[in-house]
Structures are given as structure tokens and as C-alpha cells.
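**Student:**
2 protein chains.
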Amino acid sequence: MSEADMRKPVVVLVRPQLGENIGKAARAMLNFGLTELRLVEPRDGWPNPSAGPAAAGADIVLERARVYASTAEAVADCAHVYATTVRKRGVTKPVVTPEEAAREMAGNVGRSAFLFGPERSGLETDDVALARAILTVPINPDFGSLNLAQAVILCAYEWSKHETLVQPTQEDLLPPAPQDELEGLIDHLDRLLEPKGYFLPESRAEATRRTLRGVLTKPGWNHLEVRTLRGVLSSLQREPKP
Amino acid sequence: MSEADMRKPVVVLVRPQLGENIGKAARAMLNFGLTELRLVEPRDGWPNPSAGPAAAGADIVLERARVYASTAEAVADCAHVYATTVRKRGVTKPVVTPEEAAREMAGNVGRSAFLFGPERSGLETDDVALARAILTVPINPDFGSLNLAQAVILCAYEWSKHETLVQPTQEDLLPPAPQDELEGLIDHLDRLLEPKGYFLPESRAEATRRTLRGVLTKPGWNHLEVRTLRGVLSSLQREPKP
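Line order of the protein sequences matches chains R and D. Going by UniProt numbering, the first residue of the first sequence is number 1, and it counts up by one from there. Going by UniProt numbering, the first residue of the second sequence is number 1, and it counts up by one from there.
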């Protein structure tokens, strides 16, 4: 296993019920680059024919999934175990958000794991006891209905932020045009407006020019955008085309 | 509508296909406190009997959902529109992550909206053109398979992080004008340019309009600024003053 893979947290599904949900969890994981799935006593055994279709192509995660007889065995090699729960039940462990857990994982030495409980009941006290921290997603107090795959995707998503996976790049975003190009645009518009009486009365002319300049300075148009607008102004100066 | 509700972004599903996915999106929203769903031309009409069961109790979101005939109408009252896309397609708008969009929304004055495209195809270029920014979830480059509800939940989740820590923003900073005022400006300019032959040749007209729209959408001009520019255009239409 590569060093990069060792830094990725393991996703442990404890006693998952539906194969479909295992598939959805795999899909959620792979979207954000997580590949190691561990299953503790899956209710319907493993492999499960319902998992594949729900994984929507994340087959590699399912193929590599390993089955364990207990939660303790599933996390035996993990140094940092986070137990996801909806409710806090008189536990005295630190409670963290997915964001905080991801930040900790990024700095951790040794393998990390996210533990997820069965669909309806969630993790049992003995499973939670294995964890170093409780991970709780802050949720609408009047409507908490996060399913297994949704919980997995939020954790995987937060983790991925600390990987330099893919940043949406903006190399195609140009800087604002040099000031003289903007001045050229403002002058051009001024020359068009002057004969139309736009700046009248004369006593208001200065304030009107300032207002207009403010509007045109705000966008930070780039070179190409300024050129487009110069084209617009030149076009407005022309006689109508037949 | 309460002030708190006004601060919440609107979720706009453009031409959604399956009722089930609309229900799942509603569930994802309500988990993180979002309640306003807008549907643009839902393929199978509205209401859709498949939506309710998939919403898992988020009925209030479905009951309040409103249907629009076009994306432009659905965001007409929104000052900050974020178009979610997977791929960048030669767009020159700013590209932000869900995290960055959420941070911006928390500081924004005026209503914000997340735009989501149809399940398979995603938003069309004309829908994206309405937006001030592109929202892209950084994802595994080898496996991008984020479904509609997953994209919605990540956006709603990020938004919810800022809910409790919203800073009152500078009151003297006006929000961008609602989208319909901007549309009025664009239409006005279009009417001036058309007879001048600006959009010729006809084969280039659509691309030219899109470029111009991009330039005018970028600034996020407020109500007063749009009014100033309408005045400029009206003035340019006039005959010269002696």
C-alpha cells in the first residue's frame, strides 16, 4: 500500500443492513478519493449483489472491501478512530465536527478511521467506546434525517479538502485591465454622452462623472472585457445598418 | 418571509427529471435548514408523487416548492446566483468551491441562489450565463459521480456552517440588483445595438450576446448603479442637444 493510501482514512461500516447502502457509501467515498472500505458483520453477507448497481462505477472500492467479525478487529491497525453518531449519549469523549475530524486526520501520524453504525440504530456503545472521538454532523435540530451514504459523503468531502486533490483552477480568469485601458473606456463613453446633454446641468457634471466612473470602476473588467465594451460604444456611434 | 429566511439561499433545480431526486434534494436541504425550493420546468410536472416518499419527512420543502417556466424567472429576485457545474466549459466567471460560496453567501446582502442542472446533462450554457459565479465541487479526477442530492447536500452543509456566525454586513453597501433589473439593462442595451448591426453576422449573434452578458453580469451592480446605466442608455438614444 502506498504512502498516499496509508494517509487516507478507512471507512468502516458496522453491521450495515442493505447492500444498496454499502454501494452508495462506496460511491460517496470514491468521489472524494477514499478507497478502503471495511465491513463489520454485514447483515446479508458479502459480497452482496445489491451493492454493485448502487455504487455507480465505484466497483474498485467494493472489490477491495474486507469483512471483519468485530469492530475492534476492523480498526485494529488504526491509530485514530472517529465514531460517527447523531446523538451524544452520555459519552465523555471529545465531540468533533466532520471539519474538525478532517483537520485532525490531515495532521495525524498513523491510520485514521471513520466508523459508521447500522442504518437505523447507529453505533452501539461498545463500538463508540473504541473511538478516540465522537464525530457529529451539526444538523437542523428540527429535522435530522441524514442517511448512511450522506454521512459518509460529508466525511469524505471534508477529508478531501486537505488532500491537494483538485482545486478548481482559474487560469482562464484574467486580471483587471491596466488602468489606462479603463480610462480609455471612460473617456470614450464621456465623448458619446457629452453631446447628448447627459452631464447637464453643468453644476452637476462633476458629480455625475464621478458616479459613472464609480459604476465602471467597480467590475474590474479585464483586457478582453474592456475591448468588448469599446466595441459596444463604437457600434452605438455608428449609423443604423439597413 | 422572515429576515432569517431571506438570508437562506434558494435551491433552484433546473429541469429536474425524477421526482425521487427532487424529494432527495428536499431532504438534503432540510437537514441543513434550507427550505426554499424552486423548480424550473420539472420534466414530469409538479407535484410529483415520487417526490414525497424520497423526501423522508421533508414535506414542508416540497409543499412550498414553486415552479417556474424559465431559469431567469426562478432567480429574478436573487442577487447572487451560483451555478453548480462539474466541468468548466470555457467560462470566464469566477470558480468557487462550496466552502467559498458559503462564505460569500454569509456575507452577502440580498438573496442568494444555488442553481443545479438536470441529473445527467447538468446546466446548459444559457443557465450558467445567468450566474455570477460557477460553483464546482473539487472531486476525484478519476471518479466524478456526484448525484443531484449529493451536490445539494454538500452545498447546504457548507452553508449551514455559517448560519450561526453570520456577521451583520456593512449597511451602506447595497446588494447587487435583483436579476430582473439586470435583465432589463441587458435588454435595453440589446435594443440599442441591434439596429446598429452589432450582433452581425447572424451566425455569431448568440456568442456575441453571451459575451456581452458575461461582461455585464460580472460587476454585481446594485439597484442605483443599474439605474445610472439605464440613464446612460436612454441618453445615448436621444438626439444630440443643441
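Glycine is no exception: its CB is placed at the ideal position from the N, C-alpha and C atoms. In this text, all values refer to a predicted model and were calculated from it rather than measured experimentally.
Between R/Leu233 and R/His188, is the Cβ-Cβ spacing less than 8 Å?
**Tutor:** Within the first sequence, residue 233 of chain R is the residue found at index 233, counting from 1. Within the first sequence, residue 188 of chain R is the residue found at index 188, counting from 1. Contact: yes.
**Student:** Can you name the residues that DSSP bridges to R/Asn31?
**Tutor:** Along the first sequence, read from residue 1 onward, the residue named residue 31 of chain R stands at position 31. According to DSSP, which records beta bridges pairwise, R/Asn31 is partnered with nothing at all.
**Student:** Along the region 34-61 of chain D, what residues have a CB closer than 7 Å to any CB found in chain R?
**Tutor:** For the region 34-61 of chain D, which is checked against every Cβ of chain R, the residues closer than 7 Å are Ala56, Gly57 and Ala58.
**Student:** Quick check on D/Val226: buried or exposed, where buried means 16 or more other Cβ atoms within 10 Å of its Cβ?
**Tutor:** Counting from one through the second sequence, the residue named residue 226 of chain D turns up at place 226. Result: buried.
**Student:** Just to confirm, are D/Leu37 and D/Val67 a CB contact at a threshold of 8 Å?
**Tutor:** Reading the second sequence from its first residue, position 37 is the one you call residue 37 of chain D. Reading the second sequence from its first residue, position 67 is the one you call residue 67 of chain D. No, the Cβ-Cβ distance between D/Leu37 and D/Val67 is not below 8 Å.
**Student:** Hey, R/Ala151 and R/Asn222: beta-carbon distance below 8 Å or not?
**Tutor:** Numbered from 1 along the first sequence, position 151 holds the residue referred to as residue 151 of chain R. Numbered from 1 along the first sequence, position 222 holds the residue referred to as residue 222 of chain R. Their beta carbons are not under 8 Å apart, which means R/Ala151 does not touch R/Asn222 by this criterion.
**Student:** At least one CB of chain D closer than 8 Å to the CB of R/Val11: is that the case?
**Tutor:** For the purposes of this step, residue 11 of chain R is taken as residue 11 along the first sequence, with counting starting at 1. With 8 Å as the cut-off, R/Val11 does not count as an interface residue toward chain D.
**Student:** Can you find a C-beta in chain D that's less than 8 Å from the C-beta of R/Arg191?
**Tutor:** On the first sequence, residue 191 of chain R is found 191 positions in, with the first residue counted as 1. No, R/Arg191 does not count as interfacial toward chain D.
**Student:** Who pairs with D/Asn48 in a beta bridge, going by DSSP?
**Tutor:** The sequence position of residue 48 of chain D within the second sequence is 48, counting from 1. Beta-bridge pairing links D/Asn48 to no other residue.
**Student:** Quick one: what's got a C-beta closer than 6 Å to D/Gln170's C-beta in the same chain, skipping five residues either side?
**Tutor:** The count along the second sequence starts at 1 and reaches residue 170 of chain D at position 170. For D/Gln170, the pLDDT reaches just 40, beneath the cut-off of 50, and the residue's location in the model is therefore unreliable, leaving the point undetermined.
**Student:** Given that a residue counts as buried once 16 or more other Cβ atoms are within 10 Å of its Cβ, and exposed if not, what is R/Thr125?
**Tutor:** Position 125 of the first sequence, counting from 1, holds the residue named residue 125 of chain R. The residue is exposed, with fewer than 16 neighbouring Cβ atoms inside 10 Å.
**Student:** Whole angstroms are fine: how far does the CA of D/Thr92 sit from the CA of D/Ala205?
**Tutor:** Counting from one through the second sequence, the residue named residue 205 of chain D turns up at place 205. Counting from one through the second sequence, the residue named residue 92 of chain D turns up at place 92. If I take the Cα positions, the gap works out to 19 Å.
**Student:** Straight-line CA distance for R/Val81 to R/Asn31?
**Tutor:** The count along the first sequence starts at 1 and reaches residue 81 of chain R at position 81. The count along the first sequence starts at 1 and reaches residue 31 of chain R at position 31. C-alpha separation (whole angstroms): 22 Å.
**Student:** Does D/Leu212 get closer than 8 Å to chain R when you measure Cβ to Cβ?
**Tutor:** Numbered from its first residue, the second sequence carries residue 212 of chain D at position 212. Chain R contact via Cβ: present.
**Student:** Helix, strand or coil: how does DSSP classify D/Cys155 here?
**Tutor:** Taking the first residue of the second sequence as position 1, residue 155 of chain D is located at position 155. In the structure shown, D/Cys155 sits in a helix (DSSP, three-state: H, G or I).
**Student:** I want to know whether the region 70-84 of chain R touches the region 102-110 of chain R - three or more CB-CB distances under 8 Å.
**Tutor:** The answer is yes - the region 102-110 of chain R touches the region 70-84 of chain R, with three or more Cβ pairs under 8 Å.
**Student:** Compare the C-alpha of D/Ala149 against each of D/Thr71, D/Met105, D/Ser203 and D/Leu115 and name the closest.
**Tutor:** Here residue 149 of chain D corresponds to residue number 149 of the second sequence, with the count starting at 1. Minimum Cα distance to D/Ala149 is reached at D/Leu115.
**Student:** As a quick exercise: from D/Arg213, D/Lys8, D/Thr211 and D/Leu229, pick the residue whose alpha carbon is nearest that of D/Ala101.
**Tutor:** To locate residue 101 of chain D, count along the second sequence from 1; it is residue 101. Ranking the options by Cα distance to D/Ala101, first place goes to D/Lys8.
**Student:** So, is the C-beta of residue 243 of chain R closer than 8 Å to a C-beta in chain D?
**Tutor:** In this structure chain R extends from 1 to 242, so residue 243 of chain R is not present and cannot be described.
**Student:** At the 8 Å Cβ level, is R/Gln167 part of the contact set with chain D, yes or no?
**Tutor:** Taking the first residue of the first sequence as position 1, residue 167 of chain R is located at position 167. Reliability fails at R/Gln167, whose pLDDT of 43 lies under 50, so the model's placement of it is uncertain and no value is given.
**Student:** Mind pulling the chain D residues with CB within less than 8 Å of R/Leu146?
**Tutor:** Taking the first residue of the first sequence as position 1, residue 146 of chain R is located at position 146. In chain order: Asn31.
**Student:** Less than 8 Å between CB atoms is the rule here; does D/Leu185 satisfy it with respect to chain R?
**Tutor:** Along the second sequence, one-based indexing puts residue 185 of chain D at 185. By this cut-off, D/Leu185 is not an interface position.
**Student:** Spell out whether any CB of chain D is found under 8 Å from the CB atom of R/Leu130.
**Tutor:** Counting from 1 along the first sequence, the entry for residue 130 of chain R is found at position 130. For R/Leu130, the answer is no, since every Cβ of chain D falls outside 8 Å of its Cβ.
**Student:** Starting from R/Ile22, find everything on chain D with Cβ-Cβ shorter than 9 Å and list it in chain order.
**Tutor:** The residue labelled residue 22 of chain R in the question sits at position 22 within the first sequence. Result: empty, since nearest Cβ-Cβ is about 16 Å, beyond 9 Å.
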